[in-house]
Amino acid sequence: QDDGGQGGGGGYDAERCQWLLGEGGAGRFYVDDPVTVLTRWPQGDTCPASTPPAAGNCTRGGYAYYVVNATSVRQIQAAVNFARNRNVRLTVKNTGHDFVGKSTGRGALSVWTHNLKSFEFIPSYNVTADDGGTLLYSGMAARVGTGLESWEMYALMRRHGMHLGVPGDSTVAPYGGWVQGGGHHNLASRLGLGADQVLSLQVVTADGRLVTADHVANPDLFWALRGGGPSTYGIITSAIVKAHAPLEVVQSPLRFSTALVNATNATSAAEKAEVFWAAVGATYWFCKHVTDAGGTVYDNIRRLSPGDGGFDFTADFELPGMTGMTARALVQPLYDELRGLGVAVAATATVRASPRSTDASGGRGDRPGNTRFASRLFPRANWEDVGVFAATMTAIRRPVEAGYTFHGIHMTPTLAVAGWPGRDSAVNPTFRTTQMHADLFDRASASPGGGAAAWLETWAELNRHMQGIREATPGGGAYVNEADRLEPGWQGSFWGDKYERLLAIKGARDPWGLFYAPTTPGSEAWEVRTADGLPTQNGRLCRVGERA
């Protein structure tokens, strides 16, 4: 029941709302919708489908008021020129996998790039230095429209007998915000980040021009658009990216909990917890051997029912370029160590073909979420010293004991792995020395509906636990695409010593401040003025210090 943000009424469709709350909400609705995004709280959470009719009209909140369904470059140019010339807020949405409000804004004109789904396989693609001599890249490539989703690209990979670096989530369109933030994936230790795959870009800039950005043409844009922040320098319409030989990916799942701790090793809940955390530490220490072999590990650590002292750990080892036999040989020593600690895992490591090497989802979308979280890039140095590693595990354990969920992704997308041109890009330099990217998820919904004071109180507690992790990881950083909207010192956390160069490029390429997204270069010059003071997009975008 939406009054359009104007207080003028609206229509309540009970059947539609129930459909959204049921299975319909887990289908394609949110991905294919031109307005909504998959995390509600940055919009202000003003009109959830669960709102009863008796509550009265709700408002559009931080959603855009007008949308250009872009099916051509000219339509994007028209929208950019219109917004710039008339001082209208402009936002960019692709598939809506947005956690902090970069794809939405109250009263905005939105450019929806979701339907730019062109594709061309290029069997042989050569790139030479600007002197026309040195060969910088020679191999397969693909020209990909910015709206093409991972699940659609998997089918194209199979058809053409090659592999592209794409996100694990099947409905993310890689060559929009994902690649502009850096873009991790399950082959990052083997192929590099998403940003490392890009050879050339087609971009509509703030002045309305369509330009090519590569190592020769507009090299400043080429550098900034690969990791320098989403929705900041222009709108990518297509990309030419590296294509790789097909890779067989083997997966080895692992799960244990305090319930699987052998009673001869521990009888009390406290003793079982100590064995559990020793097992987690052994697994985390072992993960460096997996990443050294080009693999990636995804894991979750969570507390079970409050008060029972129980914990649960799940992990998936993604092992590219291996057979089942070599993968089992790699991970078997970990299983032996866990059994030695008294954890009842299988005697033999389980391996199977990874579902990520294909995609069985058929593009089934995601349910919208409303969880707030913060992220951290853990330096490899924390795995090189036993004492430092022990302190790292203590910093991870404390928030989990307090009820937060810890999600780790062990990967090593080093400069050597990145190759050309990835080794010279705006990607957070901490990514190149990291052993693990991790998210700490809040215990409850981040809906502002409980009031500003309660929202800020729960955020302060999340930040307090996150600060312990930051202090245990000096030299670390955070991943801009998965981060706290209120990340302290975000400029350094997301870009380190590259920030000043990015800020200069932003000023030169977009002197109007047309492209705004929170926690991206230049965004500190702007503020969204919300009625409740919360960091949502449900308010007017103004220059800092500007009178309302």
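Heads up, our numbering is the position in the sequence shown plus 2, with the first residue counted as 1.
We put the beta carbon where it would ideally sit given N, CA and C, even for glycine.
So which of Asn220, Asn71 and Asn89 has the shortest CA-CA distance to Ala510? Of the listed residues, the one whose Cα sits closest to Ala510 is Asn220.
Could you round the C-beta distance between His467 and Ala440 to whole angstroms and report it? I think they count as a contact, below 8 Å. Taking the Cβ atoms as the reference, His467 lies roughly 12 Å from Ala440, outside the contact range of under 8 Å.
Would you call the CB atoms of Glu403 and Arg257 closer than 8 Å? The answer is no: Cβ separation not under 8 Å.
Assuming Arg531 is part of the beta strand (DSSP E), what are its boundary residues? Element bounds for Arg531: Trp528 to Thr532.
So for Lys104, helix, strand or coil by DSSP? Lys104 falls in the coil class under three-state DSSP.
Residue from Gly342, Gly323 and Gly196 whose Cα sits closest to the Cα of Leu262: Leu262 has its Cα closest to that of Gly342, out of Gly342, Gly323 and Gly196.
On the DSSP bridge list, what partners appear for Asp441? Bridge partners of Asp441: Ser377 and His409.
Pairwise C-alpha distance: Ala485 and Phe375: If I take the Cα positions, the gap works out to 6 Å.
Relative to the C-alpha of Ser172, which candidate in Ala157, Gly184 and Asn483 has its C-alpha closest? Measuring from the Cα of Ser172, the nearest candidate turns out to be Ala157.
Please classify Thr260: does DSSP put it in a helix, a strand, or coil? Note: Thr260 maps to helix in three-state DSSP.
Touch check for the stretch 315–332 and the stretch 186–195: three-plus C-beta pairs under 8 Å? Contact holds: three or more Cβ-Cβ distances are below 8 Å.
Please report the straight-line C-alpha distance between Ala197 and Ser307, rounded to a whole angstrom. Ala197 and Ser307: Cα-Cα distance of roughly 40 Å.
Straight-line CA distance for Val33 to Leu150? C-alpha separation (whole angstroms): 12 Å.
Among Tyr481, Thr432 and Gly236, the one whose alpha carbon lies nearest that of Ala215: Of the listed residues, the one whose Cα sits closest to Ala215 is Gly236.
Okay, do the stretch 487–507 and the stretch 201–208 touch, 3+ Cβ pairs below 8 Å being the bar? Cβ pair count under 8 Å is below three, so no.
First through last residue of the beta strand (DSSP E) which encompasses Gly541: First-last of the beta strand (DSSP E) with Gly541: Gly541 to Arg545.
To the nearest angstrom, how far is it from the Cα of Leu519 to the Cα of Thr41? Residue identity differs from the one stated: residue 519 is Ala in this sequence, not Leu. Distance between the alpha carbons of Ala519 and Thr41: 15 Å.
If the criterion is Cβ atoms closer than 8 Å, does the pair Ala144 and Ala245 meet it? Taking 8 Å as the Cβ cut-off, Ala144 and Ala245 qualify as a contacting pair.
Would you mind sorting Arg108 into buried or exposed? The rule is 16 or more other CB atoms within 10 Å of its CB. Counting Cβ neighbours within 10 Å, Arg108 comes out buried, since at least 16 surround it.
CA-to-CA distance, Met164 to Ala247, given in whole angstroms: Rounded to whole angstroms, Ala247 to Met164 spans 5 Å at the Cα level.
With distances taken between CB atoms, is the gap from Gly64 to Val482 smaller than 8 Å? For Gly64 and Val482, no; Cβs fall outside 8 Å.
For Thr136, which three-state DSSP category applies? Shown here, Thr136 sits in coil according to DSSP, grouped into three states, outside any helix or strand.
Determine the DSSP secondary structure at Gly9, reduced to helix, strand or coil. Caution is warranted here: a pLDDT of 40 is assigned to Gly9, below 50, making its placement in the model unreliable, and the coordinate value is therefore given only provisionally. In the structure shown, Gly9 sits in coil (DSSP, three-state: anything other than H, G, I, E or B).
With distances taken between CB atoms, is the gap from Ser373 to Ala448 smaller than 8 Å? The question names Ser, but residue 373 in the sequence shown is Thr. The Cβ atoms of Thr373 and Ala448 sit closer than 8 Å to each other.
Are the CB atoms of His412 and Thr328 within a distance shorter than 8 Å? Here Thr328 is not near His412, since their CB atoms are 8 Å or more apart.
What are the start and end residues of the alpha helix (DSSP H) that includes Tyr300? DSSP places Tyr300 outside any alpha helix (DSSP H); the residue lies instead in the beta strand (DSSP E), whose first and last residues are Thr298 to Arg305.
In terms of alpha-carbon separation, which member of Asp132, Gln334, Thr38 and Ser126 lies closest to Ser140? Among Asp132, Gln334, Thr38 and Ser126, the Cα nearest to that of Ser140 is on Ser126.
Tell me the DSSP secondary structure of Pro221 in three-state form. Looking at Pro221 - three-state DSSP - the assignment turns out to be helix.
What would DSSP say about Thr115, mapped onto helix, strand or coil? Of the three classes helix, strand and coil, the one that applies to Thr115 here is coil, per DSSP.
C-alpha gap between Glu339 and Ala284, whole angstroms: Between Glu339 and Ala284, the C-alpha separation is close to 8 Å.
What's the gap between the Cα of Val129 and the Cα of Leu166? Our two residues, Val129 and Leu166, have alpha carbons roughly 18 Å apart in a direct line.
Gly230 beta carbon less than 8 Å from that of Pro415: In this structure, Gly230 does not lie closer than 8 Å to Pro415 by Cβ.
Do you know offhand how far Pro36's Cα is from Glu548's? Rounded to whole angstroms, the gap between the alpha carbons of Pro36 and Glu548 is 31 Å.
Do you know how far the Cα of Thr435 is from the Cα of Gly479? The alpha-carbon atoms of Gly479 and Thr435 are separated by roughly 10 Å.
If you follow the alpha helix (DSSP H) that Ser495 is in, where does it begin and where does it stop? Ser495: member of the alpha helix (DSSP H) spanning Trp492 to Trp497, first to last residue.
Considering only DSSP beta bridges, list what Asn71 is partnered with. For Asn71, which the question treats as bridged, DSSP gives the partners Trp114.
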